[in-house]
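If you read the protein sequences in the order shown, they are chains A and E. All letters in the first sequence, in the order written, are residues 0 to 204 by numbering that gives the first Met the number 0. All letters in the second sequence, in the order written, are residues 0 to 252 by numbering that gives the first Met the number 0.
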Amino acid sequence: MGITGLFLISFLMVHVSVNSLLFLHDNGDSFNTAAHFMSHNILIRIMEIVLFAGLIAHTVQGLILTKQNNSKRPTKYAVSAGNATSKWYSRSMGILGSLLLMFLVIHLSHFWVETKINLYAKNDAPTNSYEEVKETFSQLWVVIVYVLGVISLGWHLLHGFSSAFQTLGLNHKKYTPIIKMLGVAFSVIVPLIFAAMPIYFFLTK
Amino acid sequence: MEHYNMNLTLKVWRQKNATAQGNFENYQVKNISSEMSFLEMIDVLNEQLVAENGEPIAFDHDCREGICGMCSMHINGRAHGPWDATTTCQLHMRAFKDGDTITVEPWRAAAFPVIRDLVVDRSAFDRIQQAGGFVSVNTGNAQDANCLPVPKDDADLSFAAASCIGCGACVAACKNSSAMLFVSAKVSQFALLPQGQPERTSRVLNMVAQMDKEGFGSCTNTGACEAECPKEISLTNIARLNREYVKASFLAE
C-alpha cells in the first residue's frame with residue numbers, strides 16, 4: 000500500500016500543478032496547451048498506463064487487506080475505544096478509499112473519457128478542455144460531488160501520507176516529524192486547490 | 000488523593016470453555032475502596048460469588064506489579080482500562096466513580112481464543128518467540144563483560160524494546176488484531192545489539208512468517224497499539240521491523 004500510495008501522491012502533485020493553470024486569466028490557453036501535451040506526449044501516455052496499474056494495485060491490495068483484517072476478530076468488542084487510542088480516519092481508510100473510487104468513476108467519465116474519444120474515435124479531434132471544465136462545473140450537483148470527493152481525499156491523505164513512510168520502514172528521529180508536517184500540509188493544501196476549481200467556475204459562470 | 004468507597008455495576012463476559020457460547024452477566028459490588036487495584040475488586044466480587052455458591056470469574060493474573068503481562072482485560076473498551084502505560088493490576092479503582100457501570104471483556108482476536116471467562120490463550124506469542132526471538136550463546140567460560148562495545152543509544156533503544164512483557168494489549172487494541180508491535184519489539188531488541196547479528200536475517204523472516212501463520216492481522220499504522228501498550232513500546236520499532244524485513248527478504252537466499 001505504501002509504494003503504490005506514494006506513487007499516487009506523486010501523480011496528485013502533477014495533477015494539481017497542471018490544473019492550477021485553470022486559474023490563470025488567459026481563457027484557458029495555458030491549460031489547454033498543458034492538457035494537449037499531457038494527452039499526446041509519449042512519456043505521459045506510458046505513465047498513464049502505469050498510473051492506472053498503480054491505482055488498480057492500490058485498490059485491489061486495499062480491498063484484500065481490509066477483508067483479511069476484518070476477519071481477524073470474529074467476536075467484536077461490546078465497547079470499543081473509539082477515538083481515544085486512534086484517529087477515526089486512520090481506521091476508515093477502506094471506506095474513504097471506496098468513496099474516492101466512486102468519485103474517480105464520476106471524475107473520469109467527466110473529463111478523461113471525452114479526451115480519449117476525441118483522441119481515438121474522432122481521429123484526434125481537438126479537445127477544448129477548458130470549455131469542458133467550465134461547462135461541467137456550472138452544474139451544482141457536480142460541484143457538490145467534487146467537493147465531497149476532495150474532502151475524502153484529504154482525510155485519506157492525512158493518514159496515508161505519513162503512514163506510507165512508516166510502512167516502508169522510513170522512520171527517523173530527525174526526518175519523521177518533517178514528513179508528518181509535510182503530510183498534513185499536503186492533505187490540506189492539495190484538496191483545497193482541487194476544491195477551489197469547481198467552486199470558482201460555479202461562482203463565475 | 001482522597002479516599003472514597005463506591006458501589007459499581009459490573010458487566011462481565013462469562014464463557015464456560017473455549018467452545019461454549021459466552022454472554023455478559025451483570026454483578027453488583029459494594030463498598031469498593033478507591034485504593035484497591037482493579038484485580039482486587041474482581042477478587043472481592045469472586046469472594047462474593049463463591050459465598051453465593053456461584054462460579055468465580057476466571058481471569059489471568061500473576062505478579063500484580065505490572066511486569067508479568069498476564070492480566071488481559073478489556074475494560075470499558077480499553078485494553079487494561081482507561082489509564083495510559085498501565086496493566087490491569089496497576090489500574091486503581093480511583094479511575095472510577097460511585098455508580099459507574101464497568102464492562103469487562105477478554106482480549107478479542109482470532110489468534111487469542113477465549114479459554115474461559117476473561118482468560119485467553121496467548122501461546123501464539125510463545126510460538127512467534129520460539130521462531131526466532133533468541134540469540135546464539137557460546138558455551139564455555141563467560142566472556143569479559145565489556146568485550147563487545149555497544150553504542151549507548153542502541154543499548155537504550157534495545158532496552159526500551161526489551162521491556163515488552165508480551166501482554167497482548169497491542170493485539171487487543173488493534174482494529175486488525177495485528178501483533179506487529181509485539182513482534183517489532185522482539186526483533187528490535189536483538190537487531191540493535193551485536194549479540195543479535197548472527198540470526199538477524201532469519202529471525203525477522205521466521206518471526207513474521209509465524210506471526211502470519213498464527214492469524215494476526217496486518218499493520219495499518221493506526222497507532223492504537225502504541226497508545227495502549229503498558230510498556231510504551233514505540234511505533235518506531237514497527238518501522239524498524241519493516242526495514243529489517245525488507246532487507247532480509249532481499250538478502251535471503
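Think of the CB as a built atom: it goes at the ideal place given N, C-alpha and C, for glycine as much as any other residue. Please read these numbers as outputs of a predicted model, since none were measured by experiment.
* Could you tell me whether the stretch 214 to 233 of chain E touches the stretch 175 to 191 of chain E, using the rule of 3 or more Cβ pairs below 8 angstroms? => yes
* To do: Kindly list the residues whose CB is nearer than 6 angstroms to the CB of M92 (chain E), restricted to its own chain and excluding five residues on each side of it in sequence; keep chain order.
  => I31, S33, M35 and M40, listed in sequence order.
* For L250 (chain E), count neighbouring Cβ atoms within 10 angstroms of its own Cβ and tell me buried if that reaches 16, exposed if not. => exposed
* With respect to the beta strand (DSSP E) encompassing E24 (chain E), which residues constitute its N-terminal and C-terminal limits? -> N22 to S32
* Asked: Assuming G222 (chain E) contacts L240 (chain E) under a Cβ cut-off of 8 angstroms, what Cβ separation, rounded to an integer in Å, is found between them?
  -> Not confirmed; about 15 angstroms, so no contact.
* Compare the C-alpha of K71 (chain A) against each of E:Q142, E:A109 and E:E198 and name the closest. => E:A109
* Asked: E243 (chain E) lies in the alpha helix (DSSP H); which residues open and close that run?
  -> T235 to L250
* Excluding the five sequence neighbours on either side, which residues of its own chain have a C-beta within less than 6 angstroms of the C-beta of L64 (chain A), listed in chain order? -> none
* Asked: With 8 angstroms set as the bound, which would you pick, yes or no: does the beta-carbon of H91 (chain E) sit closer than that to a beta-carbon of chain A?
  -> no
* Three-state class that DSSP yields for H106 (chain A) in the structure shown -> helix
* **Cβ-based burial, F36 (chain A) [other Cβ within 10 Å; buried from 16]** => exposed
* **Short-range partners of chain A found in the stretch 101 to 112 of chain E, where Cβ spacing is below 8 angstroms** => Residues are counted here when their Cβ sits less than 8 angstroms from a Cβ of chain A; for the stretch 101 to 112 of chain E these are T102, E104, R107, A108, A109 and A110, given in chain order.
* Asked: Counting contacts by CB-CB distance shorter than 8 angstroms, is L167 (chain A) in contact with chain E?
  -> yes
* Anything in chain A within Cβ reach of E227 (chain E), meaning under 7 angstroms, just list it in chain order. => T84
* Give the range of the beta strand (DSSP E) segment to which E104 (chain E) is assigned. => T100 to E104
* Examine chain E for any beta-carbon lying closer than 8 angstroms to the beta-carbon of T74 (chain A), and answer yes or no. => Yes, contact with chain E.
* Nearest-angstrom Cα separation, counted from G80 (chain E) out to T8 (chain E) -> 16 angstroms
* Near L252 (chain A), what residues of its chain come up, given a Cβ to Cβ distance below 6 angstroms and the 5 sequence neighbours on each side ignored? -> As shown, chain A starts at 0 and ends at 204. That puts residue 252 (chain A) outside it, with no answer to give.
* Asked: Along chain E, in chain order, which residues have C-beta atoms closer than 9 angstroms to that of A56 (chain A)?
  -> The contacting residues do not exist; A56 (chain A) stays about 16 angstroms from chain E at best.
* With distances taken between CB atoms, is the gap from H60 (chain E) to L38 (chain E) smaller than 8 angstroms? -> yes
* Identify, in the order they occur along the chain, each residue of the same chain with its Cβ nearer than 7 angstroms to the Cβ of A319 (chain E), setting aside the five sequence neighbours on each side. => Since the first residue shown for chain E is 0 and the last is 252, residue 319 (chain E) is missing from the structure and cannot be characterised.
* To the nearest angstrom, how far is it from the Cα of D120 (chain E) to the Cα of Y199 (chain A)? -> 59 angstroms
* Got a sec: is the Cβ-Cβ distance from F189 (chain E) to anything in chain A below 8 angstroms? -> no
* What number of angstroms, rounded off, separates the C-alpha of Q14 (chain E) from the C-alpha of N22 (chain E)? -> 7 angstroms
* With distances taken Cα to Cα, identify the nearest neighbour of Y129 (chain A) among A:L139, A:Q138, A:T84 and A:T32. => A:T32
* Would you call the stretch 143 to 161 of chain E and the stretch 182 to 189 of chain E touching, i.e. three or more CB-CB distances under 8 angstroms? -> yes
* Asked: Residues in its own chain within less than 6 angstroms of E104 (chain E) by CB, not counting five upstream and five downstream?
  -> W12 and H73
* Shorter than 8 angstroms from the beta carbon of R239 (chain E) to some beta carbon of chain A? -> yes
* Asked: Distance, Cα to Cα, L191 (chain A) vs D99 (chain E)?
  -> Distance between the alpha carbons of L191 (chain A) and D99 (chain E): 45 angstroms.
* Distance, Cα to Cα, A171 (chain E) vs S248 (chain E)? -> 28 angstroms
* With 16 as the cutoff for other CB atoms within 10 Å, does I105 (chain A) come out buried or exposed? -> exposed
* Whole-Å CB distance - H14 (chain A) paired with L99 (chain A), under 8 angstroms assumed -> Actually they do not touch by this definition, with Cβ atoms about 13 angstroms apart.
* Using a Cβ-Cβ cut-off of less than 8 angstroms, give me the residues of the stretch 154 to 184 of chain E that come near chain A, in sequence order. => A172, K174, N175, S176 and S177
* Asked: Does the separation of the CB atoms of P193 (chain E) and L147 (chain E) fall below 8 angstroms?
  -> In this structure, P193 (chain E) sits near L147 (chain E), with a CB-CB distance shorter than 8 angstroms.
* **Within-8 angstroms CB hit, S97 (chain A) to chain E** => no
* Run of the alpha helix (DSSP H) containing V134 (chain E), from where it starts to where it stops -> Per DSSP, V134 (chain E) lies in no alpha helix (DSSP H) and is assigned neither H nor E.
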